[in-house]
Each structure stands twice: as structure tokens, then as C-alpha cells.
Amino acid sequence: SEPEVNVLKRFYRPMVPEKCKQRMSREGSISSLSSAPMDSLNTEFIYYSTVLKDILPAMSRIEDKNALLPWVGRLYAPEYHSTALRSKRNRHLLQLCLSMLNDEVLPCFKEVPAEDVPLPKLSEMAKLKIPPARWESDHYWQDLIADLPEKNAKMACSVHEVCSQDADEEGCNPKAGALLDQEFMYFLHMAKPYAALISNPTGKAKVALWLQTLATIRVTS
Numbered sequence: 015s016e017p018e019v020n021v022l023k024r025f026y027r028p029m030v031p032e033k034c035k036q037r038m039s040r041e042g043s044i045s046s047l048s049s050a051p052m053d054s055l056n057t058e059f060i061y062y063s064t065v066l067k068d069i070l071p072a073m074s075r076i077e078d079k080n081a082l083l084p085w086v087g088r089l090y091a092p093e094y095h096s097t098a099l100r101s102k103r104n105r106h107l108l109q110l111c112l113s114m115l116n117d118e119v120l121p122c123f124k125e126v127p128a129e130d131v132p133l134p135k136l137s138e139m140a141k142l143k144i145p146p147a148r149w150e151s152d153h154y155w156q157d158l159i160a161d162l163p164e165k166n167a168k169m170a171c172s173v174h175e176v177c178s179q180d181a182d183e184e185g186c187n188p189k190a191g192a193l194l195d196q197e198f199m200y201f202l203h204m205a206k207p208y209a210a211l212i213s214n215p216t217g218k219a220k221v222a223l224w225l226q227t228l229a230t231i232r233v234t235s
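Residue numbers (the numbering used here): 15 to 235.
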């Protein structure tokens with residue numbers, strides 16, 4: 015599109031050494047050249063534009079394409095290339111790209127505001143309620159621990175002398191521990207079907223023992 019071409023010309027304008035020298039000598043300082051801002055918003059806009067060109071035609075439902083096209087038109091309007099609105103434009107384009115990658119129209123893009131009404135902030139638009147993923151609802155880890163004898167259900171980590179789950183410990187970060195637990199739940203969920211595909215009984219038993227052993231380490235750091 016025409017705005018994108020203009021952005022490309024402005025952003026990738028070549029720097030001529032002779033002109034640089036003239037500018038430095040005229041302003042009497044090299045700092046004026048080094049302080050020239052790098053326009054990351056234009057780079058981001060060009061990236062989103064490239065993504066849109068590739069994934070919009072690939073959407074499976076024509077009604078979804080028709081629903082998103084007016085948004086593309088609004089975001090590429092001249093007023094959204096102004097300095098004050100470029101950041102807002104890019105945030106909407108990012109959300110639009112995510113909607114297309116999911117091959118659906120998110121609730122926030124169901125309706126297009128009128129031409130004379132500014133686009134609302136993303137925080138004010140309807141949010142998509144996403145149900146928990148299958149790995150988040152998988153109780154395999156809890157079931158695995160419940161089936162073990164009490165003395166084997168918890169194994170201390172040989173790397174740490176003090177459990178950092180203790181809230182009284184200085185420097186404890188419970189959020190980091192919770193994130194690591196979620197990561198382990200995800201990997202455990204992914205490992206289950208792959209372990210079931212192992213045809214060698216000995217190999218399958220070794221994998222099962224490893225999963226069981228790793229599941230008993232209940233110390234976060």
C-alpha cells in the first residue's frame with residue numbers, strides 16, 4: 015500500500031558520509047548525529063504489514079476475512095500514521111495478527127467502530143475467555159504422587175540445603191517456583207503419550223521411573 019511504501023522510503027533512507035560530515039561540522043558536535051532516534055515503530059509496522067499479507071488470505075472462513083478487512087482499512091488510514099497514534103495502531107495490528115494466526119475473529123474485532131469515532135483502547139474492548147488448556151487440567155502429576163508410598167512421595171533436591179518454598183526465607187520468589195511447576199506439568203503432559211509409544215518394555219520402564227523420580231522432587235528455587 016502507499017503508506018507502507020512511504021514508510022519504507024523514510025526508514026531505509028541511505029546515510030551518505032559526506033552529508034554526515036557536513037552536519038557534524040555545521041552543528042559543532044557529533045552528539046547530534048548519535049542521538050537521532052531509531053524509529054522502531056516503523057519497523058514494527060512493516061513487520062505486521064508483512065505478516066498480514068501472508069496470513070489474511072490463508073484464513074479458512076471467508077466471513078472471518080470480511081470481518082477483519084474493515085479493521086485493516088481503519089488501521090492503515092492516514093491518521094494512524096501520525097506520531098500520536100502510531101503506537102496505538104501497532105498494538106491493534108499485533109492483536110489483529112494474533113487473531114488471524116488463530117484463524118478466528120476475536121470478540122474485540124466483531125464490530126468495527128464508525129468512521130468518525132476513534133478506535134477504542136484494547137483494554138476497553140471485549141476480552142476473549144479462553145478455557146484452560148488440556149495440560150492445565152491434567153492431574154497426572156498429582157495422581158502419580160498420590161499412588162506413591164508416603165516416604166517416597168517427596169524427595170529433597172541434592173542441590174539445595176534449604177527449601178526456597180519457605181516464605182520466611184530471604185530472597186524467596188514463590189512466583190518463580192509456581193512458574194517452574196507449571197512448566198513441569200506441561201512437559202509431563204507432553205511426555206505421557208510419547209512414553210506410551212515406546213515399544214521396548216525395558217525402555218518404557220526406564221522412562222516411567224525417570225518421570226516418577228522427577229515428579230517427587232518438590233523443591234523450587
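In this text, a Cβ means the ideal position worked out from N, Cα and C, and glycines have one as well.
Query: Span of the alpha helix (DSSP H) around proline 84; Result: 76-89
Query: Cβ pair count under 8 Å reaching 3, the stretch 222-230 against the stretch 150-159; Result: yes
Query: Distance, alanine 205 Cα to arginine 75 Cα; Result: 34 Å
Query: Nearest neighbour of tyrosine 90, chosen from Met73, Lys79, Ile60 and Glu77 [CA to CA]; Result: Ile60
Query: Same chain only: Cβ atoms within 8 Å of asparagine 104, ignoring 5 sequence neighbours per side; Result: Leu55, Glu58, Phe59 and Tyr62
Query: Whether leucine 99 touches cysteine 122 by CB criterion (9 Å); Result: no
Query: Contact check, valine 6 vs leucine 108, beta carbons under 9 Å; Result: Only positions 15 to 235 of the chain appear in the structure, and residue 6 is not among them; the question remains open.
Query: Continuous alpha helix (DSSP H) stretch holding cysteine 111: start and end; Result: 100-115
Query: Short Cβ contact (9 Å threshold) for valine 119 with aspartate 68; Result: no
Query: When Val221, Phe198 and Lys102 are compared against alanine 209, the one with the closest alpha-carbon; Result: Val221
Query: Whole-Å CB distance - aspartate 152 paired with methionine 199, under 8 Å assumed; Result: 7 Å
Query: Residue environment, leucine 2, which counts as buried when at least 16 other CB atoms sit within 10 Å; Result: Residue 2 lies beyond the stretch modelled for the chain, which goes from 15 to 235, so this question has no answer here.
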